[in-house]
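Everything on this sheet refers to the single structure shown next.
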Amino acid sequence: MKLFPVGLAALLLGACGTNRPEIPKELLGTSGASACTTPGYPAGPYGDDTGTLAEDRCFRGWRAPQSTRHDEATLEDISLGSFYDPTGKTHEIVLLNTAAVWCSVCKSEHKTLPDRYAELAPRGLAIVSALFQNGQGGPADLDDLTTWVETFDVPFPMVLDPDYQLNDYASAETAPLNLVIDARTMRILAKFIGNQSDPLWTTIEDELARREASE
Amino acid sequence: MRPGRFAPLALAAVVSACGSDPVTADPDAGEPDSGLPDSGTPDSGAAGGGGRPAKCEDGPGYVDPSYPALEVGAVTAHVETIDGEPASDALVEVCGINVCTRPQYTDENGDVSVVVDTPTQKPAVKYGDAYRYGEVALLFDEGGTDFGTLYVPRLPEAGAPLLPGLPAKSGGVTVTLPEGGRFELDPFAPYDTDEGRAFRAGELPKKRWPAGLDQGAKLELIFTLAPLGARLCPPASIELPNSAGWDAGTEVELLLQGMDPGLDPGAQLFAPYGEWQPFATGIVSDDGDRIELSDGALPVVTNVGVRRR
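Going down the list, the protein sequences come from chains A and B.
Each residue of the first sequence is one higher than the one before, counting from 15 in my numbering.
Each residue of the second sequence is one higher than the one before, counting from 109 in my numbering.
Dropping the structure here:
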């Protein structure tokens, strides 16, 4: 089969696959999807690409991994809706990121995400990252999450997504995913399949600057 | 008010060769020159004085985002050990510098297929797990995505601990961390135990190389090393078997393979992804048995290639 280049814009297109991995039932309990109702969250219709509304999702994880003991007892319910901020008081932009232990690009990305967060959170950036698979491609578990947050000293909310709720946005066969969401509306501003460092951070910084200029 | 308190930059988990206690550097131990060329790649750590452990330093790396994104599709391969036996349950993945596709494992016949459905910049097929087998990265070329038969060396079952000042020997290769040195390694499986973090090595004979593996570097020997990605701080000495049978005194150059992708600052730290970068020079020992370093040192555990100067 011949390889052929495609434009960078193609990277913004979502993967269409629905190839969710088979997840043992006992591992599905950590997501708590049935409890996912954030009061006041924008009503649908929801979509999976730029310009559409991101549907609320609920996970289990640690909101402040650096200051939290890492065990099952400290896992918190963390919803995408908890970053919804209609007035922009705390958050202007939400970066929803995925990672998998098998993904060396994700590890490379997470070596720099804390610095990006330190720089841009004061300007209104929230980051939440979802670890969805282990090193063998199976569902990620608490041990994987613990190792991940301790290895990369994650300062932002980090959650487990063993049943890969974000399949609408990108195939579970691929990582990472970076979804840039307007925290005031929960509308998707940009979607990057893979780590497109330059356009991703240009998008976020430009959007934050634009909002600062309009204040 | 927005969040105002943040932790400092996260570092990769530090796995001291001597457990969790800091290793005291010996200021007199000397620091091997990393031997890296003037290419923007930094020295890889210096033995800190004053009782502080050696520090692994980062640098700009070889990030180049200009590679086009390629539609890859289905990748197929048959993986065998260098003895010609099917390599079953061997990890095979496709990663580019921007995205990875979930790994697959060879079946009992050594066959595997990976479907890549996302445009990928500078894709490489990586086969072997750098634990039971050596791991090799082979960049895609115009030859398509059926890689035919790929060979990997089986690594020794028992590894040798990487301890400061003590030679770690495996598969004919010896790596010695300087006194006061340490290594840093992300503690994900199979590198989450002392046994997993031990040093292992195996040669990939030239007759078993796939076309394009040396990326035009004119290599004559390749050794696969594990634990892959372990930062050696300060850089370590390395001795290799002279399996080519070169004469005593033959001068050689040693190159390392870039195995880490990524597009963020500091990624691809020691070599461009999938490519080979010189890090040291060496010479065949007087008895003709070994290749010893004459200048430079190994900053990271990864595949090492050798060519005559």
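Idealized CB from N, CA, C, for every residue including glycine.
Under DSSP, the beta strand (DSSP E) around E250 of chain B begins and ends at which residues?
Premise fails: E250 of chain B is in no beta strand (DSSP E) and is neither H nor E.
Interface flag, G149 of chain A vs chain B, CB-CB below 8 angstroms:
yes
Take every Cβ of the region 398-414 of chain B, pair it with every Cβ of the region 216-231 of chain B, and state whether three or more of those distances are shorter than 8 angstroms.
no
Identity of the residue in B:A182, B:G218, B:Y213 and B:V202 nearest T189 of chain B by Cα:
B:G218
Would you call the region 244-258 of chain B and the region 166-175 of chain B touching, i.e. three or more CB-CB distances under 8 angstroms?
As far as the Cβ criterion goes, the region 244-258 of chain B does not touch the region 166-175 of chain B, which means the pair count is below three.
Residue burial classification, A182 of chain B (beta-carbon count within 10 angstroms, cutoff 16)
exposed
Tell me, please, which residues DSSP counts as bridged to R137 of chain A.
Partner(s): none; R137 of chain A has no beta bridge.
Compare the C-beta of A238 of chain B against all C-beta atoms of chain A and say whether one is closer than 8 angstroms.
No, A238 of chain B does not count as interfacial toward chain A.
So the candidates are B:W384, B:Y299 and B:S278; which of them puts its Cα closest to the Cα of L336 of chain B?
B:Y299
In or out: L214 of chain A buried (at least 16 other Cβ within 10 Å) or exposed?
buried
Is it true that the CB of S143 of chain A sits closer than 8 angstroms to the CB of G370 of chain B?
no
Residues of the region 187-221 of chain A with Cβ closer than 8 angstroms to any Cβ of chain E, in chain order:
Reference to chain E is not applicable here, since the protein chains of this structure are A and B.
Just by C-beta distance, which residues in the region 202-216 of chain B are closer than 9 angstroms to chain A?
C203, G204, I205, N206, V207, C208, T209, R210, P211, Q212 and Y213
What residues from the region 81-113 of chain A come within 7 angstroms of chain B, judged by C-beta to C-beta, listed N to C?
Per Cβ criterion, the list reads T104.
Does the distance from the C-beta atom of Y241 of chain B to that of R262 of chain B stay below 8 angstroms?
Yes, the pair counts as a contact, with Cβ atoms nearer than the cut-off.
Count the other CB atoms within 10 Å of the CB of A2 of chain A; is the residue buried (16 or more) or exposed (fewer)?
Residue 2 of chain A lies beyond the residue range present for chain A, which begins at 15 and ends at 229; the question has no answer from this structure.
Is there a Cβ of chain A sitting closer than 8 angstroms to that of Q194 of chain B, yes or no?
The displayed chain sequence assigns Pro, not Gln, to residue 194 of chain B. Chain A contact via Cβ: absent.
Do you know offhand how far F387 of chain B's Cα is from G404 of chain B's?
6 angstroms
According to DSSP, simplified to helix, strand and coil, what is P349 of chain B?
strand
C-alpha distance - P171 of chain A paired with I141 of chain A, whole-angstrom precision:
Cα to Cα, P171 of chain A sits roughly 7 angstroms from I141 of chain A.
Three or more C-beta pairs closer than 8 angstroms, one from the region 114-129 of chain A and one from the region 264-277 of chain B: is that the case here?
Not touching, per the Cβ criterion.
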